[in-house]
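Participant:
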Amino acid sequence: MDLFLQQTVNAFALGGTYALLALGLAMVFSTMGLINFAHGELMTIAGYILMACGLAGVPFAFSILLAIAAAVLAAVAMERIAFRPVRNASGATMLVTSFAVSMILQVLFQNFISARSQAVLVPEILSESVRFGGLVIGVNKIAAIVTTIVMLIFLDRFMKHHRIGIAMRAAAEDFSVARLMGIRANTVIAGAFALSGFLAGVAAVLWVSQRASVDPLMGFTPVLKAFIAAILGGLGSLRGAVAGGFLLGFIEIYLAAYLPAGMQEFRDPIALCLVVLVLIFRPNGLIPSPALKAEKV
């Protein structure tokens, strides 16, 4: 039982990171119909800011603010420079654009910073553990879970009560109707990118805090997993993105904990098979987007 509870805590910590990233992907997709594969590079930018601040002796708490702000600014700049000119193009064009932005940023990181992994100075307290009965839980895991809960509560209130959040919810349900009602496309899309950058920055802080390193490809694997989580939850559904992120985190952690040693090398394929199995019974995801429900009606 102690092992099960220990792995459950780990699953919540990993699933929370996936949920934040999947939520950022879902916000952009719901407004533009774009899967932004350059979302991972926003994580990497935040990670390098944390590294630079650590080398400069900036307090870690202030470094977090700077890293998240850098991710937000990079996301807004990405939308304005790369995606706004092709907004009315086909989905394939926007998808290729997102891949191009991702590759360009990776090459810039490799050539102007380093192609190797770089250490990030994190407070020693994050590497410590806390004992609860028979459980030994890392402080970084507790911080990740608490941060995820706070972020989800904040986003829920923002989307329900703030003017831009309400506009984004309306756009997620039916963007064309929302525009006819006077909602400005530029404002909503820029807001979606800014919020996705904010979520990527927070996810980067959680990721780096547990690994204490950053590299040019740091954001690739987490965002690929977040994309799978977004599909699992229901592409374009904000609540579905959260559900899919947590479910994928639980699948990965439980497989890592309970698969026999000889089967561990097949862990990722088995996880994907379980995802496909869920999609067989829920082809539109765990919580389909309102727009998809409306189309079926």
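Following numbering that gives the first Met the number 0, the numbering of the sequence shown begins with 0 at its first residue and continues without gaps. The beta carbon of each residue, even a glycine, is placed where N, CA and C say it ideally should be.
Look at the Cβ atom of Thr-146, then the Cβ atom of Val-204, and state whether they are nearer than 9 angstroms.
Facilitator: The answer is yes: Cβ separation under 9 angstroms.
Participant: Can you tell me the Cα-Cα spacing of Leu-72 and Pro-259, whole angstroms?
Facilitator: The alpha-carbon atoms of Leu-72 and Pro-259 are separated by roughly 45 angstroms.
Participant: Is Gly-15 closer than 9 angstroms to Ile-141 when the C-beta atoms are compared?
Facilitator: No, these two residues do not count as a Cβ contact at 9 angstroms.
Participant: Any beta-carbon of chain C closer than 9 angstroms to the one on Gln-109?
Facilitator: Any reference to chain C falls outside this structure, which holds one protein chain only.
Participant: Express the C-alpha separation of Met-180 and Pro-215 in angstroms, rounding to a whole number.
Facilitator: Whole-angstrom Cα-Cα distance: 42 angstroms.
Participant: Do you know offhand how far Val-135's Cα is from Thr-92's?
Facilitator: In a straight line, the C-alpha of Val-135 is about 49 angstroms away from that of Thr-92.
Participant: Suppose you measure from the CA of Gly-239 to the CA of Phe-226; what does that come to, to the nearest Å?
Facilitator: Distance between the alpha carbons of Gly-239 and Phe-226 is about 12 angstroms.
Participant: Which word fits His-38, buried or exposed, when buried means at least 16 other C-beta atoms lie within 10 angstroms of its C-beta?
Facilitator: Result: buried.
Participant: Could you give the distance in angstroms between the alpha-carbon of Ser-101 and the alpha-carbon of Phe-3?
Facilitator: About 38 angstroms.
Participant: So, Leu-19 versus Gly-244, is the Cβ gap smaller than 9 angstroms?
Facilitator: Taking 9 angstroms as the Cβ cut-off, Leu-19 and Gly-244 qualify as a contacting pair.
Participant: Just tell me which of Ala-99, Ala-211 and Ala-166 has its CA closest to the CA of Ile-124.
Facilitator: Ranking Ala-99, Ala-211 and Ala-166 by Cα distance to Ile-124 puts Ala-211 first.
Participant: For Tyr-257, is the classification buried or exposed, using 16 other Cβ atoms within 10 angstroms of its Cβ as the cut-off for buried?
Facilitator: It is exposed - the Cβ of Tyr-257 has fewer than 16 other Cβ atoms within 10 Å.
Participant: Between which two residues does the beta strand (DSSP E) containing Leu-302 stretch?
Facilitator: No answer is possible for residue 302: it lies beyond the span of the chain, which begins at 0 and ends at 296.
Participant: Taking a contact to mean a Cβ-Cβ separation below 9 angstroms, would you say Val-222 touches Phe-36 in this structure?
Facilitator: Closer than 9 angstroms, so yes.
Participant: Check this for me: beta carbons of Met-50 and Gln-105, under 9 angstroms apart or not?
Facilitator: Result no, Cβ atoms of Met-50 and Gln-105 do not sit closer than 9 angstroms.
Participant: Of the choices Phe-108, Leu-64 and Ala-189, whose alpha-carbon is the least far from that of Thr-43?
Facilitator: With distances taken between Cα atoms, Thr-43 lies closest to Phe-108.
Participant: In three-state terms, what does DSSP make of Arg-130?
Facilitator: It is a strand residue.
Participant: Which residue's Cα is closest to the Cα of Thr-7: Ala-229, Asn-185 and Phe-249?
Facilitator: Comparing Cα positions, the closest option is Phe-249.
Participant: Does the separation of the CB atoms of Phe-61 and Pro-122 fall below 9 angstroms?
Facilitator: No, Cβ-Cβ distance for Phe-61 and Pro-122 is not below 9 angstroms.
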